[in-house]
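Residue numbers (our numbering): -3 to 456.
Note that the Cβ used here is the ideal one computed from N, Cα and C, for glycine as well.
Quick caveat: nothing in here was measured; it's all calculated off a predicted structure.
Here the structure is laid out as structure tokens; the discussion comes afterwards.
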Amino acid sequence: MSTRGNFSGRIGFILAAAGSAVGLGNIWRFPYLAGQNGGAAFLLIYLICIFTLCFPVMIGEIAIGRKAQSDAYGSYQKLGGAQWGYLGLFGIVAGIFILSFYNVVAGWAFGYFLEITFGNLLNETDYGAFFGAYINNSWTILTFSLGFMVLTALIVSQGVQKGIEAAAKIMMPALYVILISLIIYSLTLPNAIEGVKFYLVPNLSEINVQTIFFALGQSFFSLSLGMGALVTYGSYVGKNQNIVSSAAIISIADTSVAFLAGLMVFPMVAALNAYDVQGPSLVFVVLTQVFHNMGPIVGRIVGGAFFLLLCFAALTSTISLLEVPAAYMVDQKKFPRKPVVWGLALLIFVLGLPSMLSFGRVEFLSHLTFYKNRDFLSFVSDMCDISLTVGACLMCIFIRKRWKIANMTEELSIGNDNYMGSWLRKYIDFTISWVCPILLGILSLLIIFDKFWGIELIFG
Ligand code: PHE
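Set out below in structure tokens:
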């Protein structure tokens, strides 16, 4: 036990876990999913998912980790026996695949940061075309993704307190400062209010099955749930800490960054009348155009700061993604941390190559015939989303059937004297026992049907 790391205290844990949660998911993916799925309607469903499903699941995961004091595999195995260990392993594998494509997008952000700050990126004229060409430039992307993976490995190899926690303590506050400054600027742009309306006034008729699927997948992805990241981080949390209130702060921090990212992006979209820019390119195209319009010097500073922010956000997430398999190898296989971290980083980087080449560079990866001609990166990312909701559903079943709610309650009462008699306890018991497993089970199945055969099969 003594060789395992620990967070120095409450703030360290909250920042690291919020750092894991806040990432490309919030700033890059949330705005474009919201844009594609009805704006405020999406936001509404998203918030419901966070409150009813994600928050209880997060509490459950942290409780499992802190009780078992082990990695994702070891925790389930300790509390539930060998078969349940596979649930942990499933999460570890999902995390490896998430990191494989996540690192590619982080590489784009890293490249944009360097080329805006030190290069000529802001002299371009057509940012849509530029982005398309940029992410197809294999050597550039290869170098930046590799650079990003090296940064991640450097931090993770330093261990829990010196690496993960120290990085989060600097990067998380910086992120809020840059984000809020950009929102203030964005709201002063012409037409900004139209963008705000699109984002904040829900049109309920726009809610459909797809909105629900995307919002659900995104909420689990954004809070880093369903794959053992918070089980692993939970295992580094001290017994005197209040898990429930920490989980509330982490959820609020993450949701507020996603919300703020939308508030930053949509006024810009409206100002440029760029409603047709959709999907993964949204943030890269629209924001860069805005930075271009700011003029060469201001644009360079503000644009550089923004992409630096995106890199910070991504880095605190890639750290947690790499920590999950690393903790497994260190705890279970007793390997030394440093070589394990570098070995895993290399493996995951290689696993990311197909995603990297799936935007036109390699034809069959860019148009997967078995996946509605979509690109490989979207395929992996969709599969990972599904594994998160399936993983979270199984975790709830694990708590209810195997570990038992009473044991979870006991763990949650440590560091929280009032938990036992609180209404929150009733809420958590009820959601973990019934709401989460049933809804997540049904929705996960529907999403799987939808992804492979199209939802028309079920809904006509
Ligand atoms: N939550 C991170 C984001 O929003 C991604 C992530 C998913 C990190 C799962 C860890 C585990 O970008």
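Does the ligand PHE have a heavy atom nearer than 7 Å to the CB of residue i?
i: residue 217; result: yes
i: residue 91; result: yes
i: residue 379; result: no
i: residue 20; result: yes
i: residue 225; result: yes
i: residue 17; result: yes
i: residue 94; result: yes
i: residue 435; result: no
i: residue 317; result: yes
i: residue 220; result: yes
i: residue 313; result: yes
Between which residues of its own chain and residue i is the CB-CB distance below 6 Å, once the five residues before and five after are set aside?
i: residue 51; result: 247
i: residue 292; result: none
i: residue 167; result: 308, 312
i: residue 428; result: 52, 56, 392, 395
i: residue -2; result: Summary for residue -2: the model assigns pLDDT 43, below 50, so the residue's position carries little reliability; its value from the coordinates is reported in the next sentence. Around residue -2: no qualifying Cβ.
i: residue 323; result: 67, 228
i: residue 456; result: Note that residue 456 has pLDDT 45, beneath the 50 cutoff, so the model's placement of it is unreliable and the number below is only indicative. Same-chain partners within the cutoff: there are none.
i: residue 115; result: none
i: residue 464; result: As displayed, the chain neither begins before -3 nor continues past 456, which places residue 464 out of reach and without an answer.
Skipping 5 residues on each side, what residues in its chain have a beta carbon closer than 8 Å to that of residue i?
i: residue 243; result: 51, 54, 55, 58
i: residue 437; result: 389
i: residue 153; result: 159, 333, 334, 337, 338
i: residue 363; result: 369, 370, 371
i: residue 80; result: 72, 73, 394, 398
Going by Cα to Cα distance, which pick from the options is closest to residue i?
i: residue 372; options: 245, 287, 354, 0; result: 354
i: residue 398; options: 149, 363, 192, 78; result: 78
i: residue 287; options: 135, 17, 123; result: 123
i: residue 245; options: 6, 441, 95; result: 6
i: residue 182; options: 257, 441, 435, 154; result: 257
i: residue 195; options: 9, 36, 0, 375; result: 36
i: residue 385; options: 144, 435, 361; result: 435
i: residue 173; options: 302, 282, 119; result: 302
i: residue 220; options: 139, 171, 15, 348; result: 15
i: residue 250; options: 189, 171, 447; result: 171
i: residue 216; options: 404, 352, 254, 369; result: 254
i: residue 316; options: 92, 45, 27; result: 92
i: residue 314; options: 147, 366, 413, 400; result: 147
Would you mind stating whether residue i and residue j have Cβ atoms separated by less than 8 Å?
i: residue 298; j: residue 290; result: yes
i: residue 127; j: residue 277; result: yes
i: residue 224; j: residue 19; result: no
i: residue 380; j: residue 90; result: yes
i: residue 320; j: residue 68; result: yes
i: residue 151; j: residue 160; result: yes
i: residue 285; j: residue 70; result: no
i: residue 443; j: residue 344; result: no
i: residue 208; j: residue 411; result: no
i: residue 318; j: residue 164; result: no
i: residue 197; j: residue 262; result: no
i: residue 222; j: residue 61; result: no
i: residue 21; j: residue 214; result: yes
i: residue 100; j: residue 141; result: yes
i: residue 186; j: residue 267; result: yes
i: residue 106; j: residue 47; result: no
i: residue 231; j: residue 65; result: yes
i: residue 118; j: residue 295; result: yes
i: residue 24; j: residue 306; result: yes
i: residue 17; j: residue 218; result: yes
i: residue 275; j: residue 132; result: no
i: residue 102; j: residue 341; result: no
i: residue 157; j: residue 2; result: yes
i: residue 96; j: residue 351; result: yes
i: residue 113; j: residue 417; result: no
i: residue 49; j: residue 432; result: yes
From the DSSP secondary-structure annotation, give me the bridge partner or partners of residue i.
i: residue 364; result: 370
In its own chain, which residues sit with a C-beta less than 7 Å from the C-beta of residue i, not counting the 5 before and 5 after it?
i: residue 206; result: 33
i: residue 179; result: 256, 259, 260
i: residue 41; result: 203, 207, 208, 211
i: residue 331; result: 325
i: residue 10; result: 242, 245, 246
i: residue 200; result: 37
i: residue 282; result: 261, 264, 265, 268, 270, 273
i: residue 188; result: 182, 263, 266, 267
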